[in-house]
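Peer 1: full-length UniProt numbering applies: residue 1 is where the sequence shown begins, and numbers increase by one.
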Amino acid sequence: MVRTRECDFCGDDIEPGTGTMFVRVDGSTEHFCSAKCERAAEKGREPRNVGWTEAGRQAAQANQQASEAATAEASTDAATEPDTAEGASEDDHETEDESAEPADTTGDATVEAETADTASEEAADPEDDLEEETEA
């Protein structure tokens with residue numbers, strides 16, 4: 001019985017009496033169903049990068065499934081975004097409330113008051129200054 005072979009490039013069945021068998025110098029053989037497959041292999045093309053091959057169809061299907069999964073994930077993320085958008089708007093309102101308070105001017109006044117208190121204490125205790133000078 002005659003064997004049917006498979007094309008080494010595209011993966012199609014080679015009918016008996018058709019196709020080309022290419023024998024390399026090292027003794028390895030490659031079977032091609034058509035001149036189209038033979039030329040593509042000679043040019044160094046990868047079967048998974050060529051859409052009309054079996055490997056190319058599988059790669060395209062995998063890419064399509066991955067893009068559909070990404071689209072489905074994006075749509076579920078989009079469905080949850082309004083909830084997070086509301087949360088973000090609440091945070092924005094809190095930030096606006098904080099910025100509306102005159103916290104900066106109150107903080108500066110407190111620092112100035114503390115500085116004035118320490119200056120008056122230092123002026124009130126000249127003996128401490130004398131003790132520090134004698135210790136050094």
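Glycine included, C-beta positions come from ideal geometry on N, C-alpha and C.
Determine the contact status of Arg-57 and His-31, defining contact as a CB-CB distance below 9 angstroms.
Peer 2: no
Peer 1: Could you round the C-beta distance between Gly-19 and Cys-33 to whole angstroms and report it? I think they count as a contact, below 8 angstroms.
Peer 2: Contact flag correct, Cβ pair sits at about 5 angstroms.
Peer 1: The beta strand (DSSP E) with Glu-30 in it runs from where to where?
Peer 2: 29–32
Peer 1: Take Asn-49 as the anchor and find which of Ala-35, Met-21 and Ala-60 has the nearest alpha-carbon.
Peer 2: Ala-60
Peer 1: Strictly by DSSP, which residues pair up with Phe-22?
Peer 2: Glu-30
Peer 1: Looking only at C-alpha atoms, which of Ala-79, Asp-8 and Thr-71 sits nearest to Arg-39?
Peer 2: Asp-8
Peer 1: Determine the burial state of Thr-80: buried for a count of at least 16 other Cβ atoms within 10 Å of its Cβ, exposed for fewer.
Peer 2: exposed
Peer 1: With DSSP run on the structure shown, which of helix, strand or coil describes Ala-46?
Peer 2: Checking the sequence, you will find Glu at residue 46 rather than Ala. Coil at Glu-46, not helix or strand.
Peer 1: Taking DSSP as the reference, what is the three-state secondary structure of Arg-5?
Peer 2: strand
Peer 1: Out of Thr-71, Asn-63, Phe-22 and Ala-72, point me to the one whose CA is closest to Cys-37's CA.
Peer 2: Phe-22
Peer 1: Less than 6 angstroms between C-beta atoms, sequence neighbours within five positions excluded: which residues of the same chain meet that for Ala-41?
Peer 2: Phe-9
Peer 1: Determine the DSSP secondary structure at Asp-13, reduced to helix, strand or coil.
Peer 2: strand
Peer 1: If you check the beta carbons only, do Arg-3 and Pro-16 fall under 9 angstroms apart?
Peer 2: yes
Peer 1: Our contact map puts Ala-55 next to Pro-47 with C-beta atoms below 8 angstroms; I'd like the distance itself, whole angstroms only.
Peer 2: 4 angstroms
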